[in-house]
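*Asks:* The structure follows.
In structure tokens form, the structure reads like this:
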């Protein structure tokens, strides 16, 4: 099987029929940030962004395949063309907008939570705060004066708080809420801060056509209320909607 | 997998574990062990081929070929492995796409590099955008395989070069004395005898190659390390089988896997050395020459 795959890949290198009609696109996501996106027990991409992405592709009349890529290289691999969109809970920020383009947001700006061990006194401006690398939360901590401890995956930031390496973790509220609820009282929300301009889909700056299509699809989902229904389904009834 | 796995939330104890360990996601984890073994099985002979090419190039009489061989070995040995692993796949991927773009889409006049973006036409993409996922996986794996072969080939070239030099001069002179051509001396006298000098060095390289396989993870191939980290991480109710942070267990499993692999390799090399030493007067003593 693998050998066959290799032969086929080699054949694709040499031949490569020119079938592309521009309607097949690849959606890049991290697959480690539930409930935004994660790999379920069937080994498939699942979560809010899976459902949203599939619906957007349907409305834009494109065939989409899902690609997993580590968070810290997710922008470089978009601009080098390994996939065509980033749909990975990525907040729209000015710094990122210099490198890639964003569609309009599909999740309104939300709060980020500080989560620490329950009952612990945490100095949010002088302590050790952890966040995933290259996130708006990481830049916020760096600017706040606290000591920033970065990890490649969201998982590792939670583990760092549990084992005492960090005093608190800063991440999106919707990611941390289930983690706190299911920690059996070990973790608690100890603060919050509004960050970012909402979550949008990242697209190459040279890919204006795709951006227009996706923007239109998101606008139509906002207009008919399906986006709000989807947000409530995945993030709870008290989630912020449009 | 099992009939009773339909409702994971109702399961407990060993049944829960049995269902948990046989989810399709775990199956992907088990398959990834095969990916690692396949990489080893393909990278070793390929690296050996690069090694022979490098070693003979270094010894070539024609100066430009000699420079090429020496340059290859010196360059790869002088650059951190990880830089090469990151450089070779990206350079090859973009180089191939660039060439295909020039050949397949001559009508496109916009530049390929636009600001931060590397844009080739759809038909030039490697693999094509609509190709099934396994083609993308196989392509990524192939690029990684070539990177391994280039890096380990340079080290193998040095080991083989040393081993070729270690074959006693008297043997070669004896061959010349009975009128064998240089090519036949190489094939009949030098190559069969050099293995005893090359094997200790090559076995070292093999061990390093085994231990370098987790670098696949860096190259975006979903290998054992990727799956161990993904499966071991904290799982909330969003998943069918929620559990706390179990990464330590998964990594312990990898530890056992790699120890087993290196242990069995060592046993294999020990037998191989006995075999290639047959009829060699200085068997075993020559190992220092190549290590």
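Chains as they are written, first to last, in our numbering: chain W, 163 to 404; chain X, 34 to 324. Glycine included, each C-beta is placed from N, C-alpha and C at the ideal position. Since the structure is predicted, the reported quantities are computational estimates derived from the model, not experimental observations.
(1) Can you give me the start and stop residues for the alpha helix (DSSP H) that residue 310(W) sits inside?
(2) So for residue 38(X), helix, strand or coil by DSSP?
(3) When you compare each of 306(X), 299(X), 305(X), 248(X) to residue 402(X) by their alpha carbons, which one comes out closest?
(4) Starting from the Cα of residue 175(X), find the closest Cα among 121(X), 140(X), 55(X), 155(X) and give me that residue.
(5) Out of 191(W), 344(W), 285(W), state which residue places its alpha-carbon closest to the alpha-carbon of residue 239(W).
(6) For a contact meaning CB atoms closer than 8 angstroms, what does residue 225(W) contact in chain X?
(7) Excluding the 5 residues flanking residue 188(X) on each side, which residues of the same chain have their C-beta closer than 6 angstroms to its C-beta?
(8) Near residue 1(X), what residues of its chain come up, given a Cβ to Cβ distance below 7 angstroms and the 5 sequence neighbours on each side ignored?
(9) Within its chain, find whatever has a CB closer than 8 angstroms to the CB of residue 223(X); leave out the 5 residues flanking it on each side and keep chain order.
(10) I'd like the list of long-range same chain contacts for residue 272(W), defined as Cβ closer than 6 angstroms, with 5 residues on each side in sequence excluded.
(11) Is residue 289(X) buried or exposed, if buried means 16 or more other CB atoms sit within 10 Å of its CB?
(12) Keeping to the same chain, check which residues put their C-beta closer than 7 angstroms to that of residue 232(X); ignore five residues upstream and five downstream.
(13) Spell out whether any CB of chain W is found under 7 angstroms from the CB atom of residue 61(X).
(14) Does the beta-carbon of residue 196(W) have 16 or more other beta-carbons within 10 angstroms, so that it is buried, or is it exposed?
(15) Determine the DSSP secondary structure at residue 199(W), reduced to helix, strand or coil.
(16) How many angstroms separate the CA atom of residue 363(W) from the CA atom of residue 255(W)?
(17) Thinking C-beta only, is residue 58(X) closer than 7 angstroms to residue 203(W)?
(18) If you measure beta-carbon to beta-carbon, which residues of the segment 275 to 294 of chain W are closer than 9 angstroms to chain X?
(19) Could you tell me which of 359(W), 275(W), 188(W), 316(W) sits nearest to residue 234(W), measuring between CA atoms?
(20) Mind checking the segment 189 to 208 of chain W against chain X and listing, in chain order, the residues whose C-beta falls within less than 9 angstroms of any C-beta there?
(21) Which residues in chain X sit within 8 angstroms of residue 258(W), going by Cβ to Cβ distance?
(22) From residue 360(W) to residue 192(X), what does the alpha carbon distance come to, in whole angstroms?
(23) Give me the Cβ distance between residue 88(X) and residue 99(X), rounded to the nearest whole Å; I'm assuming they're in contact under 8 angstroms.
(24) Alpha carbon to alpha carbon, how far is residue 165(X) from residue 373(W)? Give it in angstroms, no decimals.
(25) Using Cβ-Cβ distances below 7 angstroms, what residues of the segment 223 to 250 of chain X are close to chain W?
(26) Leaving out five residues on either side along the sequence, give the residues of the same chain with a beta carbon under 6 angstroms from the beta carbon of residue 102(X).
(27) Going by beta-carbon coordinates alone, are residue 153(X) and residue 130(X) separated by less than 7 angstroms?
(28) Verify the CB distance criterion: does residue 142(X) have a CB-CB separation below 7 angstroms to chain W?
(29) Residue 113(X) lies in the alpha helix (DSSP H); which residues open and close that run?
(30) Can you tell me whether residue 95(X) is buried or exposed, with buried defined as 16 or more other CB within 10 angstroms of its CB?
(31) For residue 280(W), write down the residues that DSSP places opposite it in a beta bridge.
(32) Buried or exposed: residue 136(X), going by 16 or more other Cβ atoms within 10 Å of its Cβ?
(33) Between residue 323(W) and chain X, is the shortest Cβ-Cβ distance under 7 angstroms, so that the two count as touching?
(34) Does the segment 289 to 305 of chain W touch the segment 36 to 46 of chain X, meaning 3 or more C-beta pairs lie closer than 8 angstroms?
(35) Quick one: does residue 269(X) have its CB under 7 angstroms from some CB of chain W?
(36) Sort 307(W), 277(W), 375(W) by Cα distance to residue 329(W) and report the nearest one.
*Replies:* Let's see:
(1) Per DSSP, residue 310(W) belongs to no alpha helix (DSSP H); it is in the beta strand (DSSP E), 309 to 313.
(2) Note: residue 38(X) maps to helix in three-state DSSP.
(3) An answer regarding residue 402(X) cannot be provided, because it is not within the stretch 34 to 324 covered by chain X.
(4) Nearest of 121(X), 140(X), 55(X), 155(X) to residue 175(X), Cα basis: 121(X).
(5) 191(W)
(6) 163
(7) 238
(8) Nothing in the structure corresponds to residue 1(X), since chain X is present only between 34 and 324.
(9) Closer than 8 angstroms at the Cβ level, and outside the excluded window around residue 223(X), lie 197, 200, 204, 205.
(10) Excluding residues within five positions, the ones whose Cβ falls inside 6 angstroms are 335, 402.
(11) exposed
(12) 302, 305, 306, 309
(13) yes
(14) buried
(15) The answer is strand: DSSP assigns residue 199(W) an E or B state.
(16) For residue 363(W) and residue 255(W), the distance between alpha carbons rounds to 12 angstroms.
(17) yes
(18) none
(19) 316(W)
(20) 193, 194, 196, 197, 200, 201, 202, 203, 204, 205, 206, 208
(21) Going along chain X, no residue has its Cβ under 8 angstroms from residue 258(W), so there is no contact; the nearest lies around 11 angstroms.
(22) Distance between the alpha carbons of residue 360(W) and residue 192(X): 57 angstroms.
(23) Incorrect: roughly 11 angstroms between the Cβ atoms, too far for contact.
(24) 24 angstroms
(25) none
(26) Result list for residue 102(X): 87, 90, 91, in chain order.
(27) yes
(28) no
(29) The continuous stretches of alpha helix (DSSP H) do not include residue 113(X), and DSSP gives it neither H nor E.
(30) exposed
(31) Answer by DSSP bridge pairing: none, since residue 280(W) is not bridged.
(32) exposed
(33) no
(34) no
(35) yes
(36) 277(W)
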